[in-house]
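Enquirer: Residue numbers (our numbering), protein chains in the order written: chain A, 56 to 170; chain B, -11 to 100.
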Amino acid sequence: NAGVMQNPRHLVRRRGQEARLRCSPMKGHSHVYWYRQLPEEGLKFMVYLQKENIIDESGMPKERFSAEFPKEGPSILRIQQVVRGDSAAYFCASSPRFEASEKLFFGSGTQLSVL
Amino acid sequence: EDQVTQSPEALRLQEGESSSLNCSYTVSGLRGLFWYRQDPGKGPEFLFTLYSAGEEKEKERLKATLTKKESFLHITAPKPEDSATYLCAVQAPGGSNYKLTFGKGTLLTVNP
Chain A
56 NAGVMQNPRH LVRRRGQEAR LRCSPMKGHS HVYWYRQLPE EGLKFMVYLQ KENIIDESGM
116 PKERFSAEFP KEGPSILRIQ QVVRGDSAAY FCASSPRFEA SEKLFFGSGT QLSVL
Chain B
-11 EDQVTQSPEA LRLQEGESSS LNCSYTVSGL RGLFWYRQDP GKGPEFLFTL YSAGEEKEKE
49 RLKATLTKKE SFLHITAPKP EDSATYLCAV QAPGGSNYKL TFGKGTLLTV NP
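#1: Which whole runs of the beta strand (DSSP E) in the stretch 9 to 75 of chain B are 3 residues long or more, in chain order?
#2: Under the three-state reduction of DSSP, which class applies to B/Arg0: helix, strand or coil?
#3: Can you check the stretch 60 to 145 of chain A for any beta strand (DSSP E) of at least 3 residues that lies completely inside it and give the ranges in chain order?
#4: Since B/Pro66 and B/Glu(-3) are thought to touch, with beta carbons under 8 Å apart, how far apart are those beta carbons, to the nearest angstrom?
#5: Measure the C-alpha to C-alpha separation of B/Leu95 and A/Asn108 and round it to an integer number of angstroms.
#6: Identify whether B/Ala77 lies in helix, strand or coil by the three-state DSSP scheme.
#7: I'd like to know whether the C-beta of B/Ala65 is nearer than 9 Å to at least one C-beta of chain A.
#8: Helix, strand or coil: how does DSSP classify A/Ala148 here?
#9: In this structure, does DSSP put B/Val(-5) in helix, strand or coil?
#10: For A/Lys158, I'd like the list of residues in its chain whose CB is within less than 8 Å of its CB, leaving aside the five on either flank, ordered along the chain.
#11: Give me the Cα-Cα distance between A/Gln136 and B/Cys11, rounded to the nearest whole angstrom.
#12: Give a yes or no on whether 9 Å exceeds the smallest Cβ distance from A/Leu98 to chain B.
#13: How far does the beta strand (DSSP E) with A/Ser163 in it extend, from its first residue to its last?
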């Protein structure tokens, strides 16, 4: 049973370019969460999605960032016109259902570097 | 705003030397406190969930405890393979079980 798959593992972009990060949840999981880990900071929640729905995007920056989880295919976190401050590790997590006790299963992350 | 503070930032132990990691939190109405382990280049891996003061959970050489203000992760007779960053996170009330607030972690190094 494959775990949460994220790709690419490393992504280098120049300022002003677009970054697309992909996440395939664990088999049987229908809830996806994106977290960001800035250097010297703890993981911070960004967005929670279910298939074709954004449930909570309260942690997403208001501009340049968007996320989707289509009916078919992986979840995508999109960052437009990247800036150096976007350099961070982006982690995706999934869970099979929405329960207070449900633990999150994390992928290995995408390390985004903006030159 | 919910806050989680972990100490120490880094801890170096000799194999077999027991110790504890601390996680202090301020949250209005704790729903759950989580411990995760993170290896270099990997995502966090779930260890424990604690829900109420006085609760304890164990897994191999690890034991997590919870009070009203902090949690401890006790490591008994650690081995080099226990080397990792240990993350503490809290879950606030309001239905947002997925919105965890993480601390910065404690980097544990166990020397053979």
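A virtual CB, placed ideally from N, CA and C, is assigned to each residue, including glycine.
Expert: If we stick to the structure as given:
#1: Counting whole runs of 3 or more residues, the stretch 9 to 75 of chain B contains the beta strand (DSSP E) stretches 20 to 26, 33 to 38, 44 to 47, 50 to 54 and 58 to 63.
#2: strand
#3: 60 to 62, 65 to 68, 74 to 79, 86 to 92, 98 to 105, 108 to 111, 120 to 123 and 130 to 134
#4: Not confirmed; about 18 Å, so no contact.
#5: 37 Å
#6: strand
#7: Answer no: the Cβ-Cβ gap between B/Ala65 and chain A never drops below 9 Å.
#8: strand
#9: Residue identity differs from the one stated: residue -5 of chain B is Ser in this sequence, not Val. Of the three classes helix, strand and coil, the one that applies to B/Ser(-5) here is strand, per DSSP.
#10: Ser150
#11: 37 Å
#12: yes
#13: Premise fails: A/Ser163 is in no beta strand (DSSP E) and is neither H nor E.
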